[in-house]
Amino acid sequence: MSGASLSEIEVWTTPIVLAALISFVGSLAMWWIYFDTSSEAGAEKIMKVDNPGLLGLKYHSIHVILVGALILCAVGDELVVNHPLGYMSASDVFVIIVGPIIYLIANMVYKWFTCRIIAKSHTVAIVALVVLILFSSYLNLIVCNALSVSIFVFISIYEVVDSKKKVHKKIKE
């Protein structure tokens with residue numbers, strides 16, 4: 001979601017402002033999920049691996065999917081800001097819920113390539129988003145986006161807490 005599209009709205013109602021804030025928080029959470037550990041891990045792994053060219057190819061290929069998912073999420077944010085109280089259509093479900101699912105799957109694949117880990121938080125989040133699809137026809141755009149964004153916020157918090165536990169565990173060893 002861009003500030004330019006928000007500036008084009010003549011009357012800022014409470015739902016529109018709330019939708020913009022929710023979208024902004026979602027962008028921050030997605031940024032945090034990726035940059036908290038993933039980007040550093042990728043750079044370190046490429047420097048240490050026997051075949052950096054192959055890993056670099058995988059690394060860059062998965063980023064195409066990540067960027068595509070981010071674009072889907074941005075389209076969803078635009079829809080929510082422009083029609084926060086509208087009800088979900090199939091295309092809305094795709095950009096508001098499936099976009100985040102694609103982002104999380106791509107992020108999981110990236111973490112597997114770089115760290116050989118399967119992020120439990122991402123798996124749980126994907127399941128939660130699939131469940132959200134089942135109930136999305138009963139929700140308006142802003143509520144659905146808020147639930148989707150809250151899942152990203154929970155992942156961000158979980159990963160910060162979990163990484164601190166791992167650091168403390170390593171210190172004790």
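Under the UniProt record's numbering, the sequence shown is numbered contiguously, ending at residue 173. Virtual Cβ for every residue (Gly too), placed ideally from N, Cα, C. As the structure is a computational prediction, the values presented were derived from the model and not from experiment.
Taking one beta carbon from each stretch, the segment 55-70 and the segment 126-135 have fewer than 3 pairs nearer than 8 Å; the two do not touch. In the DSSP annotation of this structure, His83 is not part of any alpha helix (DSSP H), being labelled neither H nor E. Residue pairing from DSSP places Asn140 in a beta bridge opposite Tyr87.
In its own chain, leaving out the 5 sequence neighbours on each side, no residue places its CB closer than 6 Å to the CB of Ser89. Taken through DSSP and simplified to helix, strand or coil, Asp77 comes out as helix. DSSP places Asn51 outside both helix and strand once states are collapsed to three, so it counts as coil. Around the CB of Leu54, fewer than 16 other CB atoms lie within 10 Å, so the residue is classed as exposed. Taking all protein chains in view, the Cβ of Glu10 is surrounded by fewer than 16 other Cβ atoms within 10 Å, so the residue is classified as exposed. Shown here for Ser5: same chain residues with a beta carbon closer than 8 Å to its own, the five before and five after excluded, namely Glu78, Val81, Asn82 in chain order.
The distance from the Cβ of Ile46 to that of Ala106 is about 18 Å, inconsistent with a contact at the 8 Å cut-off. By the 16-neighbour rule on beta-carbons within 10 angstroms, Pro84 is buried. Linking Gly86 to Val149 through their CA atoms gives a straight-line distance of about 18 Å. The beta carbon of Leu147 lies closer than 7 Å to those of Leu132 in the same chain, with the five residues before and after it left out. Per DSSP, Val130 is one residue of the alpha helix (DSSP H) stretching across 120-135.
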